[in-house]
Amino acid sequence: MLAYILRRLLLMIPTLFGIMLVSFAIVQFVPGGPVERAIAQLQGQSEGSTSGLGGGGGAIGSGAAAHVGGDITSRYRGAQGLDPKFIAELNKQYGFDKPAIERFWMLVRDYSTFNLGKSYYRDAPVIELIKEKLPVSMSLGLWMTLISYAISIPLGIAKAVRDGSRFDVWTSAAVIFGYAVPSFLFAILLVVLFCGGSFWQIFPLRGLTSDNFAELTWPHKILDYLWHITLPVTALVLGSFATSTLLTKNSFLDEIKKAYVQTARMKGLSERSVLYGHVFRNAMLIVVAGFPGAFVGAFFTGSLLIEQVFSLDGLGYLSYDSLIQRDYPVVLGNLYVFALIGLIVNLLSDLTYTWIDPRIDFESREV
117 MLAYILRRLL
127 LMIPTLFGIM
137 LVSFAIVQFV
147 PGGPVERAIA
157 QLQGQSEGST
167 SGLGGGGGAI
177 GSGAAAHVGG
187 DITSRYRGAQ
197 GLDPKFIAEL
207 NKQYGFDKPA
217 IERFWMLVRD
227 YSTFNLGKSY
237 YRDAPVIELI
247 KEKLPVSMSL
257 GLWMTLISYA
267 ISIPLGIAKA
277 VRDGSRFDVW
287 TSAAVIFGYA
297 VPSFLFAILL
307 VVLFCGGSFW
317 QIFPLRGLTS
327 DNFAELTWPH
337 KILDYLWHIT
347 LPVTALVLGS
357 FATSTLLTKN
367 SFLDEIKKAY
377 VQTARMKGLS
387 ERSVLYGHVF
397 RNAMLIVVAG
407 FPGAFVGAFF
417 TGSLLIEQVF
427 SLDGLGYLSY
437 DSLIQRDYPV
447 VLGNLYVFAL
457 IGLIVNLLSD
467 LTYTWIDPRI
477 DFESREV
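Taking our numbering, the leading residue of the sequence shown gets 117, the next gets one more, and so forth.
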């Protein structure tokens, strides 16, 4: 098993390289990059008003042009067009003065040491931004995945055992309804009901913790955290457990119909022993296989709109905002971290296979 883990870890290197190569290549062809945005902002300010440019560069200080530099800004003031030298310095400021292939190899070198660069617009290292936003996304993704699986696995087993019964029909209707309604609609409904909209003021509307969180004792910090996270996690869970519930049910139904189950019953084993001693181990393999995708999806992409509704500043919103702003260091840095975590979670999923069913031996298989 140790050799298999080592092979998988080594395989992550070319996989990450390929992901970053494709992503970097796509970025080169996306219109409206940071240089174009800075030029458009400067031209718009020049045409709209000269007062903002003459007041110490305050108008330029917001947004992309803030990183152009004071000497470039002063040379631009009063100009009717853009000097080619100005464009060259602007490209240098954003790191586009080198050939694409050279910039890519610099990126690979830096990423190998987790130097993810610096944001164009936030004046902070990308790794620090990720560390700052990570607790929010971890809270949403981890709690949603654990609670969703804690509900869907027992419910799926119960539905398989009672297949075709009234319980199965009604729970299927509830599961399909939860799957059909987007999570952000559940979030809006919860805000209206429990955040002082038209009904009750029970839960806070925004943030992961209260303003006085640092002053609270540890028990009160835990309660305050749970108080803030309840509604966002509830909204995510209501729209996420349908797939794993139906997957669990169908997997158990397939296993129950197999010959070894009939043999176990004929030997006089109780239904509980058959279900959890024989069927569970085999049926859960396909459920475990879907865990990495569910976890990574909930961790990063699934919480974007929820973060918006509840004003939670996490990685989902950071990635979206950086993509809109063409903040390429943050976009590529987030993608690198997402891909790395996804690969590690997939490896952990395979190791979980062997824990559920020791008969599976990855050591003897080719990667």
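No residue lacks a Cβ here, since even glycine has one placed at the ideal position from N, Cα and C.
These numbers were taken from a predicted model, which means no experiment stands behind them.
Within 7 Å, strictly: CB atoms of residue i and residue j
{"i": "P150", "j": "R397", "result": "no"}
{"i": "V353", "j": "S264", "result": "yes"}
{"i": "I135", "j": "V453", "result": "no"}
{"i": "T364", "j": "V291", "result": "no"}
{"i": "H344", "j": "P320", "result": "yes"}
{"i": "S435", "j": "R322", "result": "no"}
{"i": "L306", "j": "A351", "result": "yes"}
{"i": "T333", "j": "V404", "result": "no"}
{"i": "V390", "j": "R381", "result": "yes"}
{"i": "L463", "j": "R153", "result": "no"}
{"i": "L132", "j": "A455", "result": "yes"}
Presumed contact (8 Å Cβ cut-off) between residue i and residue j, rounded CB distance
{"i": "Y433", "j": "L451", "result": "That pair is no contact at about 15 Å."}
{"i": "G430", "j": "V143", "result": "Incorrect: roughly 23 Å between the Cβ atoms, too far for contact."}
{"i": "A276", "j": "F368", "result": "4 Å"}
{"i": "A303", "j": "V425", "result": "4 Å"}
{"i": "I129", "j": "S299", "result": "Rounded, the Cβ-Cβ distance is 35 Å, inconsistent with contact."}
{"i": "L271", "j": "F310", "result": "The Cβ separation is near 24 Å, so there is no contact."}
Where residue i falls: helix, strand or coil (DSSP)
{"i": "P241", "result": "strand"}
{"i": "K337", "result": "helix"}
{"i": "K234", "result": "strand"}
{"i": "M117", "result": "coil"}
{"i": "D443", "result": "coil"}
{"i": "M136", "result": "helix"}
{"i": "K214", "result": "coil"}
{"i": "L385", "result": "coil"}
{"i": "S367", "result": "helix"}
{"i": "D429", "result": "coil"}
{"i": "G485", "result": "Absent from the model: residue 485. The displayed extent of the chain is 117 to 483, so no value can be given."}
{"i": "S356", "result": "coil"}
{"i": "R193", "result": "With a pLDDT of 36 at R193, under the threshold of 50, the modelled position of that residue is not reliable, and no figure is offered here."}
{"i": "T131", "result": "helix"}
{"i": "S228", "result": "coil"}
{"i": "S167", "result": "For S167, the predicted structure reports a pLDDT of 40, less than 50, and the residue's modelled location is therefore unreliable. A value from the coordinates is still provided. DSSP places S167 in helix when its eight states are reduced to three."}
Nearest candidate by alpha-carbon position, reference residue i, set the options
{"i": "Y227", "options": "V446, M260, L305", "result": "V446"}
{"i": "A274", "options": "E423, E387, A141", "result": "E387"}
{"i": "G211", "options": "V224, V146, Y236, P200", "result": "Y236"}
{"i": "L324", "options": "E248, L456, F145, G148", "result": "E248"}
{"i": "F140", "options": "P200, L223, K214, G312", "result": "L223"}
{"i": "Q157", "options": "Q144, I142, V143, L206", "result": "L206"}
{"i": "G294", "options": "T346, N328, L342, S356", "result": "S356"}
{"i": "I402", "options": "V377, E371, Q209, L132", "result": "E371"}
{"i": "Y444", "options": "V242, M117, P270, F230", "result": "V242"}
{"i": "R250", "options": "N462, I457, D466", "result": "Sequence inspection shows Leu at residue 250; the Arg mentioned does not correspond to that position. Closest option to L250, Cα to Cα, is I457."}
{"i": "T229", "options": "V146, G449, L459, N328", "result": "G449"}
{"i": "A358", "options": "L118, I121, S288, F202", "result": "S288"}
{"i": "M487", "options": "F145, I269, G148", "result": "The chain is shown from 117 up to 483; residue 487 falls before or after that span and cannot be answered."}
{"i": "I217", "options": "K234, V138, E331", "result": "V138"}
Chain D contact for residue i (CB, 7 Å cutoff)
{"i": "S360", "result": "The displayed structure is made up of one protein chain only, and chain D is not part of it."}
Kindly provide the ranges of any alpha helix (DSSP H) runs that are 4 or more residues long and lie completely inside the stretch 255–336, ordered along the chain. 282–296, 299–310
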